[in-house]
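Report on the structure given below.
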Amino acid sequence: MAQEDILEDLRTEASCPVCLDFLRDPVTLDCGHHCCAACLQQRWQDLQDILPCPVCQHHCAYRKLQKNSQLSALVDMLKQLSSRGSKRKKQQEQPLCEQHQQELNLFCEKDLELVCAQCRGSCEQQGHPLIPTQEAAAQHRKKLKSHLQTLRQQLEDAVNGLEIQMKQRDQVREELKSQRIIACEMFEHYKLFFRENHRTCKFELQEVMTNVSQKITEIRDEMSAYSSSLKSLLSDLTKMSVQTDLGLLLKVRSLQQLQSRYRELKAPEAFSYTFQGTLSLPLYCLGLHNISKFQVALTLDPKTAHCNLIISEDRKKALFDSEMTVSNSTLRPEAFSSHTAVLSCEGFEAGRHFWMVEIRGSGEFSLGVCKESFPRQALGPQASMNDCWKSQQPVWTLFNSDTKKMIIGIFLDYELGEIWFYDISEMCPLCTITDSFTEKVRPYFAVKPSSSSTVMTIIQIQSPLYTLVAPCSTT
7 MAQEDILEDL RTEASCPVCL DFLRDPVTLD CGHHCCAACL QQRWQDLQDI LPCPVCQHHC
67 AYRKLQKNSQ LSALVDMLKQ LSSRGSKRKK QQEQPLCEQH QQELNLFCEK DLELVCAQCR
127 GSCEQQGHPL IPTQEAAAQH RKKLKSHLQT LRQQLEDAVN GLEIQMKQRD QVREELKSQR
187 IIACEMFEHY KLFFRENHRT CKFELQEVMT NVSQKITEIR DEMSAYSSSL KSLLSDLTKM
247 SVQTDLGLLL KVRSLQQLQS RYRELKAPEA FSYTFQGTLS LPLYCLGLHN ISKFQVALTL
307 DPKTAHCNLI ISEDRKKALF DSEMTVSNST LRPEAFSSHT AVLSCEGFEA GRHFWMVEIR
367 GSGEFSLGVC KESFPRQALG PQASMNDCWK SQQPVWTLFN SDTKKMIIGI FLDYELGEIW
427 FYDISEMCPL CTITDSFTEK VRPYFAVKPS SSSTVMTIIQ IQSPLYTLVA PCSTT
């Protein structure tokens, strides 16, 4: 009996963990496990860098492995011994019915027990289906193999899921590190004014990183435990699958218990994270840093320009000339006559948009947006504020020489119904207008007729806004 046990252990060791049959053209992996060369190549067919061992999931360095000739010869000898041993075992140790001492050649699907021909009558009277042992073993072996295949796939998915989670953790860390670097660059520029904010922001980012790492560690532990359970169950079913027909059927109850364990196993839910945080900086600095990403390229529409506004060839600049006059016969129907203003060619019906205007000279000017239907030839009282949203409370004024310059940033959030005005030169907010937009709006540029010389230029920048000017004064 001890020899049979040893032979059975040898059969298990000489079996391929993939096809569960004797090893064919066996190869030895870096971790020491063995596998059929064809089974291993099929398992690794769609894999690139990660080549896992089918047993322990250890990563192998090379795809091409040398055949283990010595192990192949041992497997051939073991096959001969197994063939002889199986015949001898069937002849000498055939299980017999305890009641009738006859060969157990039938299987009761109801009671899940082996019975002899003499027990057949009592089983049929109870309506229990009986089938030959060979047929019953084939059916249960087929079910077992289907469960083994599913378990292997689940184990592979669990291992791949764990790899993905680890990669995602590294990506999240890199993203958070990048965000921290950006924050450090910005705070270095404003270190006198933002010293306290700098410390707070770093703490918040570190807290996010800690929470994400903790969550992914928890998921990793859950996935590791799930993988261990799958490995244990796979090992038990693998050993059972190489049993003889009668040996397999004698352990059908245990098989069903293992199947119940398999049904109860649930894969942990994967954790994903996308950085959604914002830096704890004052709105007028952080807002500019973020909204500049919505910068749009605008051009002035000459058809809408007032007769005292000269539009440059590139349609980026409007020059106010108080001495310029145009006869009524040459007035354009779309041009402003009631306001010394011009619209952009572009209009917006949704989304968020940011643009900047450089103002030079002296005088008063106004910027904003207006409806497409805003009246442009109205005389007398100015058009309703419901049609035009502009920075006229107060109107910004430039004094003194022609060298005076201001850069105004305008941010439009159509859905929220908000228009923000920023003094880019001082990195400070000017005002906010809130309303609801129901139709297409177009950027609006205007000067007061009393202005002596005012030039408005649409500008764009590629570098971060906070690098354009010096930090705000802390006094």
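Its first residue numbered 7, the sequence shown is counted upward by one per residue in my numbering.
Virtual Cβ for every residue (Gly too), placed ideally from N, Cα, C.
Everything numeric in this text was worked out from a predicted model, so none of it was measured.
Answer yes or no: do E424 and T440 have a C-beta to C-beta separation smaller than 8 Å? On the sequence shown, residue 424 is found 418 positions in, with the first residue counted as 1. On the sequence shown, residue 440 is found 434 positions in, with the first residue counted as 1. The answer is yes: Cβ separation under 8 Å.
Range covered by the alpha helix (DSSP H) that runs through R267: For the purposes of this step, residue 267 is taken as the residue at position 261 of the sequence shown. From DSSP, the alpha helix (DSSP H) with R267 extends over 258-270.
Does the separation of the CB atoms of L304 and W395 fall below 8 Å? One-based indexing of the sequence shown puts residue 304 at position 298. One-based indexing of the sequence shown puts residue 395 at position 389. No, these two residues do not count as a Cβ contact at 8 Å.
Relative to the C-alpha of S459, which candidate in E329, Q262, E181, R158 has its C-alpha closest? In the sequence shown, the residue the question calls residue 459 occupies position 453. Ranking the options by Cα distance to S459, first place goes to E329.
Could you tell me the distance, in whole angstroms, from the CA atom of Q76 to the CA atom of Q220? Position 70 of the sequence shown holds residue 76. Position 214 of the sequence shown holds residue 220. Cα-Cα distance, rounded: 48 Å.
Who pairs with L315 in a beta bridge, going by DSSP? By one-based count along the sequence shown, residue 315 stands at place 309. According to DSSP, which records beta bridges pairwise, L315 is partnered with F326.
Reduced DSSP secondary structure (H/G/I, E/B, other) of P308: Here residue 308 corresponds to residue number 302 of the sequence shown, with the count starting at 1. Looking at P308 - three-state DSSP - the assignment turns out to be helix.
Let me confirm a value: G369 is counted as buried when at least 16 other C-beta atoms fall within 10 Å, else exposed. Which label applies? On the sequence shown, residue 369 is found 363 positions in, with the first residue counted as 1. Looking at its Cβ environment, which holds 16 or more other Cβ atoms inside 10 Å, G369 is buried.
In terms of residues, what are the limits of the alpha helix (DSSP H) holding A44? In the sequence shown, counting from the first residue as 1, residue 44 sits at position 38. Taken as a continuous stretch (DSSP letters only), the alpha helix (DSSP H) holding A44 covers 43-49.
Beta strand (DSSP E) containing H359: first to last residue? Here residue 359 refers to the residue found at position 353 when the sequence shown is read from its first residue. That run of the beta strand (DSSP E) goes 358-377.
Report, in whole angstroms, the separation of the C-beta atoms of V348 and F342, which I expect to be a contact under 8 Å. Here residue 348 refers to the residue found at position 342 when the sequence shown is read from its first residue. Here residue 342 refers to the residue found at position 336 when the sequence shown is read from its first residue. Right, the Cβ-Cβ distance comes to about 7 Å (below 8 Å), so this counts as a contact.
If you measure from the CB of R158, is any heavy atom of the ligand FAD nearer than 7 Å? Among the ligands in the structure shown, none appear at all, so the ligand FAD cannot be discussed.
Let's test the definition: count the other Cβ atoms within 10 Å of the Cβ of M229 and tell me whether it reaches 16, buried, or not, exposed. Start at 1 with the first residue of the sequence shown, and residue 229 comes out as number 223. Buried, by the Cβ-count rule.
With which residues is V461 paired in a DSSP beta bridge? Walking along the sequence shown from the start, residue 461 turns up at place 455. V461 pairs with L325, R366.
Out of Y428, Q383, L254, which has the shortest C-alpha to C-alpha gap to M412? Here residue 412 refers to the residue found at position 406 when the sequence shown is read from its first residue. Of Y428, Q383, L254, the residue nearest in Cα terms is Y428.
Check whether S247 and L150 have beta carbons under 8 Å apart: Residue 247 sits at position 241 when you count from the first residue of the sequence shown. Residue 150 sits at position 144 when you count from the first residue of the sequence shown. It is a contact, given that the beta carbons lie within the stated cut-off.
Residues of its chain near P135, where Cβ-Cβ distance is below 7 Å and the 5 sequence neighbours each way are ignored: In the sequence shown, the residue the question calls residue 135 occupies position 129. Cβ contact annotation for P135 (same chain, cutoff 7 Å, sequence separation greater than five): E115, K116, in chain order.
Taking only the alpha-carbon atoms, compute the straight-line gap between S234 and C103 and give it to the nearest angstrom. Here residue 234 is taken as the residue at index 228 of the sequence shown, counted from 1. Here residue 103 is taken as the residue at index 97 of the sequence shown, counted from 1. Cα to Cα, S234 sits roughly 39 Å from C103.
If we ignore side chains and look at the alpha-carbon of each, how far apart do Q54 and F451 end up? For this step, residue 54 is matched to residue 48 along the sequence shown. For this step, residue 451 is matched to residue 445 along the sequence shown. Near 59 Å, if we compare the C-alpha coordinates of F451 and Q54.
Host beta strand (DSSP E) of C437 (start-end): For the purposes of this step, residue 437 is identified with residue 431 of the sequence shown, where counting begins at 1. C437 -> beta strand (DSSP E) spans 434-440.
Rounded separation between P455 and R358 - CA only: On the sequence shown, position 449 is the one that residue 455 refers to. On the sequence shown, position 352 is the one that residue 358 refers to. Whole-angstrom Cα-Cα distance: 31 Å.
Using CA atoms only, rank isn't needed, just tell me which of I225, T223, K322, K183 is closest to K208. The residue given as residue 208 occupies position 202 in the sequence shown. Per the Cα distances, K183.
Check each candidate in L239, A123, E378 and name the one with the smallest Cα separation from L157. By 1-based counting over the sequence shown, the position of residue 157 is 151. Ranking the options by Cα distance to L157, first place goes to L239.
Give me the Cα-Cα distance between V375 and V218, rounded to the nearest whole angstrom. Walking along the sequence shown from the start, residue 375 turns up at place 369. Walking along the sequence shown from the start, residue 218 turns up at place 212. Near 43 Å, if we compare the C-alpha coordinates of V218 and V375.
For E352, report the span of its beta strand (DSSP E) as first-last. Here residue 352 corresponds to residue number 346 of the sequence shown, with the count starting at 1. Looking at the DSSP string, E352 is not in any beta strand (DSSP E), and its letter there is neither H nor E.
Taking the C-alpha atoms as reference points, what is the distance between P477 and C434? For the purposes of this step, residue 477 is taken as the residue at position 471 of the sequence shown. For the purposes of this step, residue 434 is taken as the residue at position 428 of the sequence shown. Since pLDDT at P477 reaches only 38, below the 50 mark, its modelled position is unreliable, and no value is offered.
Below 8 Å between beta carbons: does that hold for L35 and L71? Within the sequence shown, the letter at position 29 stands for residue 35. Within the sequence shown, the letter at position 65 stands for residue 71. Result yes, Cβ atoms of L35 and L71 sit closer than 8 Å.
Buried or exposed: where does I414 fall if 16 or more other Cβ atoms within 10 Å of its Cβ makes it buried? Within the sequence shown, residue 414 is the residue found at index 408, counting from 1. I414 comes out buried.
Close-in-space but distant-in-sequence residues of the same chain around P274 (CB under 7 Å, 5 per side omitted): Taking the sequence shown and counting its residues from 1, the one referred to as residue 274 is at position 268. Closer than 7 Å at the Cβ level, and outside the excluded window around P274, lie I225, E228, M229, Y232.
Taking the beta carbon of R269 as the centre, do at least 16 other beta carbons fall within 10 Å, making it buried, or is it exposed? For this step, residue 269 is matched to residue 263 along the sequence shown. By the 10 Å Cβ count, R269 comes out exposed.
For I365 and M462, the rounded distance between their alpha carbons: Taking the sequence shown and counting its residues from 1, one reaches residue 462 at position 456. Taking the sequence shown and counting its residues from 1, one reaches residue 365 at position 359. Going by the C-alpha atoms only, they are around 5 Å apart.
For the beta strand (DSSP E) that K396 lies in, which residues bound it at each end? Start at 1 with the first residue of the sequence shown, and residue 396 comes out as number 390. It spans 394-396 - the beta strand (DSSP E) in which K396 sits, taken as one unbroken run.
In angstroms with no decimal places, state the Cα-to-Cα distance between H40 and V165. By one-based count along the sequence shown, residue 40 stands at place 34. By one-based count along the sequence shown, residue 165 stands at place 159. Each residue's Cα considered, the two are about 20 Å apart.
Helix, strand or coil: how does DSSP classify C62 here? Along the sequence shown, one-based indexing puts residue 62 at 56. Coil.
Name the residue from C37, D31, Q51 whose alpha carbon lies nearest to the alpha carbon of A43. Translated into the one-based positions of the sequence shown, residue 43 becomes position 37. Ranking C37, D31, Q51 by Cα distance to A43 puts D31 first.
Around the C-beta of D307, are 16 or more other C-beta atoms found within 10 angstroms, so that it is buried, or is it exposed? Position 301 of the sequence shown, counted from the first residue, corresponds to residue 307. Under this definition D307 is a buried residue.
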